[in-house]
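The structure appears below as structure tokens.
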Amino acid sequence: MRTFVHGAAVWDVACPQRPSRVAGVTMAGFRVRDLDALRMVPHPAVTLLLEFGAGSPVMDCAGGRQQRGSVVAGPGIGSGGAVWARGENIECVQIRLSPVIARAVLGASPADLDGIVIALDDLWGREASRIRERLGETPSWADRFALTDASLARRHEAGPPVDPEVAWAWHRIVGDRGLVRVDDLAAELGWSRKRLWSRFRSQLGLPPKRAVKLVRFDHAAHRLVAGEAAARVAADTGYVDQSHLHRDVKAFTGATPATVAAEPFLAVDDLAWAGPAAG
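For the sequence shown, the UniProt record's numbering begins at 1 and goes up steadily by one.
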């Protein structure tokens with residue numbers, strides 16, 4: 001376990017020693033004594049948070065709604081700056097699920113999670129409590145990751161796969177870092193734009209055009225965190241100009257590019273998610 005320090009943020013971070021047995025799963029462990037108003041920056045994956053510590057994370061969502069404890073959220077959690085996390089004495093395993101496998105692992109379509117955060121108990125029932133108890137009884141991070149991975153693998157094997165054409169379209173978007181036109185994807189598949197939109201939205205939880213924008217934003221945001229100038233980032237990541245980048249960042253986060261560049265939620269990625277991204 002290593003310590004991440006970024007401004008006022010001080011977190012202990014653990015990483016698995018080997019990749020998940022399920023392609024499209026990445027995970028990290030966090031121990032946070034005092035989490036104070038962390039902006040959840042949208043990410044192109046389904047987020048699954050399994051908490052087991054003495055404290056309990058709190059998600060403050062739009063409209064004054066709150067979720068406590070283990071939660072799950074669809075791709076793009078926190079759009080518009082709508083979700084903030086806080087809490088004390090938090091210990092958790094955070095999992096990023098590629099939308100391609102999320103339906104099988106969760107037992108529900110990511111489309112049911114569009115723009116919202118829900119309690120894992122509401123989705124998995126008693127199983128969520130059992131996982132929490134077992135994680136709390138497990139002494140090492142290596143064993144916690146193994147336990148979590150085994151549970152995810154069982155659910156994945158039992159769940160329905162997405163259409164191979166939909167999986168191909170997602171991987172193409174991720175591989176091209178959002179620099180692909182939806183019309184071109186549909187043409188390469190031999191599908192109509194309407195058919196691609198419908199299948200993609202129902203199986204992955206977001207329409208293809210938003211997926212393109214989200215993947216492009218994610219790539220640009222991490223380059224901003226790395227210290228690159230906004231004008232250079234805009235030019236290299238497919239934005240018309242710096243103003244276009246500014247509008248997109250504002251829409252996704254509710255903040256300016258300069259503010260996003262200092263977000264610990266993004267800065268921790270090089271430590272916590274150093275392995276292959278969930279594609």
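In this text, a Cβ means the ideal position worked out from N, Cα and C, and glycines have one as well.
Buried or exposed, going by whether 16 or more other CB atoms sit within 10 Å of the CB of Thr-47? Within the sequence shown, numbered from 1, the residue matching residue 47 stands at position 47. Counting Cβ neighbours within 10 Å, Thr-47 comes out buried, since at least 16 surround it.
For the stretch 256-263 against the stretch 198-205, do three or more pairs of beta-carbon atoms, one drawn from each stretch, fall closer than 8 Å, so that the two count as touching? no
For Phe-52, does the three-state DSSP call read helix, strand or coil? Along the sequence shown, one-based indexing puts residue 52 at 52. Phe-52 falls in the coil class under three-state DSSP.
Only counting the same chain, and skipping five residues up and downstream in sequence, which positions put a Cβ closer than 7 Å to that of Pro-16? By 1-based counting over the sequence shown, the position of residue 16 is 16. Excluding sequence neighbours, Pro-16 sits near Met-27 and Phe-145.
Report the three-state DSSP secondary structure of Glu-263 (helix, strand or coil). Reading the sequence shown from its first residue, position 263 is the one you call residue 263. Coil, per DSSP.
Cβ of Glu-88 within 8 Å of Cβ of Phe-52? Working through the sequence shown from its first residue, we reach residue 88 at position 88. Working through the sequence shown from its first residue, we reach residue 52 at position 52. Cβ distance not < 8 Å, so Glu-88 and Phe-52 don't count as in contact.
So, with DSSP's three-state summary, where would you put Arg-131? Numbered from its first residue, the sequence shown carries residue 131 at position 131. Here residue 131 turns out to be Ile, not Arg, going by the sequence shown. Note: Ile-131 maps to helix in three-state DSSP.
Rank Arg-65, Ala-14, Gly-178 and Val-32 by C-alpha distance to the C-alpha of Ala-234 and give the top, closest one. On the sequence shown, position 234 is the one that residue 234 refers to. The candidate whose alpha carbon is nearest that of Ala-234 is Gly-178.
Any chance the stretch 69-81 sits against the stretch 104-120, with 3 or more Cβ pairs inside 8 Å? yes
Limits of the alpha helix (DSSP H) - the one that His-6 falls within: In the sequence shown, the residue the question calls residue 6 occupies position 6. Here His-6 belongs to no alpha helix (DSSP H); instead the beta strand (DSSP E) covers 2-6.
Residues of its chain near Ala-128, where Cβ-Cβ distance is below 7 Å and the 5 sequence neighbours each way are ignored: For the purposes of this step, residue 128 is taken as residue 128 along the sequence shown, with counting starting at 1. The residues are Ser-70, Leu-120 and Asp-121.
Only counting the same chain, and skipping five residues up and downstream in sequence, which positions put a Cβ closer than 6 Å to that of Gly-29? Counting from one through the sequence shown, the residue named residue 29 turns up at place 29. If we look at Gly-29 and ignore the five residues flanking it on each side, its Cβ neighbours are Ala-14, Val-93 and Trp-141.
Would you say Ala-220 and Thr-237 are within 8 Å of each other, going by their C-beta atoms? As a position in the sequence shown, residue 220 is number 220, starting the count at 1. As a position in the sequence shown, residue 237 is number 237, starting the count at 1. Closer than 8 Å, so yes.
Span separating the alpha-carbon of Trp-170 from that of Arg-154: What you label residue 170 is simply residue 170 of the sequence shown in a count that begins at 1. What you label residue 154 is simply residue 154 of the sequence shown in a count that begins at 1. Straight-line Cα distance between these residues: approximately 23 Å.
Report the start-end ranges of each beta strand (DSSP E) in the stretch 22-110 that is 3 residues or longer and not cut off at the edges. 25-39, 46-51, 58-60, 66-68, 71-73 and 84-97
Tell me whether Arg-18 is buried or exposed, calling it buried when 16 or more other Cβ atoms sit within 10 Å of its Cβ. By 1-based counting over the sequence shown, the position of residue 18 is 18. That one is exposed.
Going by other Cβ atoms of all chains shown within 10 Å of its Cβ, with 16 needed for buried, is Arg-96 buried or exposed? The sequence position of residue 96 within the sequence shown is 96, counting from 1. So Arg-96 ends up on the buried side.
State the DSSP-derived secondary structure class of Trp-170, mapped to helix, strand or coil. Counted from its first residue, the sequence shown places residue 170 at position 170. Looking at Trp-170 - three-state DSSP - the assignment turns out to be helix.
Beta strand (DSSP E) segment containing residue 280, residue limits: Here the chain has residues from 1 to 279 only, and residue 280 is not among them.
Please confirm whether Pro-257 and Val-268 have their CB atoms less than 8 Å apart. Position 257 of the sequence shown holds residue 257. Position 268 of the sequence shown holds residue 268. Against a cut-off of 8 Å, the Cβ pair of Val-268 and Pro-257 comes out as no contact.
Please say whether Arg-39 and Gly-7 have beta carbons closer to each other than 8 Å? Here residue 7 refers to the residue found at position 7 when the sequence shown is read from its first residue. Here residue 39 refers to the residue found at position 39 when the sequence shown is read from its first residue. Their beta carbons are not under 8 Å apart, which means Gly-7 does not touch Arg-39 by this criterion.
Who are the Cβ neighbours of Lys-209 in its own chain at under 7 Å, not counting the five residues just before and after it? Taking the first residue of the sequence shown as 1, we reach residue 209 at position 209. Once the five neighbours on either side are set aside, the close Cβ partners of Lys-209 are Val-182.
Helix, strand or coil, according to DSSP, for Trp-191 in the structure here? Residue numbering aside, residue 191 sits at position 191 when the sequence shown is read from its first letter. Coil.
Judging by CA-CA distance, which residue of His-246, Trp-197, Arg-193 and Ala-158 is the nearest neighbour of Phe-217? For this step, residue 217 is matched to residue 217 along the sequence shown. Selected option, being the one with the closest Cα: His-246.
Within a Cβ cutoff of 7 Å, which residues of the same chain sit near Arg-172, ignoring the five residues on either side of it in sequence? Stepping through the sequence shown from its first residue, residue 172 is reached at position 172. Closer than 7 Å at the Cβ level, and outside the excluded window around Arg-172, lie Val-180 and Leu-185.
Bridge partners of Asp-12, per DSSP? Along the sequence shown, read from residue 1 onward, the residue named residue 12 stands at position 12. DSSP, once it has assigned bridges, lists Thr-3 and Arg-31 as partnering Asp-12.
Based on Cα-Cα distance, which residue from Ser-56, Gly-64, Arg-86 and Val-22 lies nearest to Arg-132? Taking the first residue of the sequence shown as position 1, residue 132 is located at position 132. That would be Ser-56, whose Cα lies nearest to the Cα of Arg-132.
If I measure Cβ to Cβ from Met-59 and keep anything under 7 Å in the same chain, skipping five residues before and after, which residues do I get? Here residue 59 refers to the residue found at position 59 of the sequence shown. Around Met-59: Gln-66, Gln-67, Val-71, Val-83, Ala-85 and Val-117.
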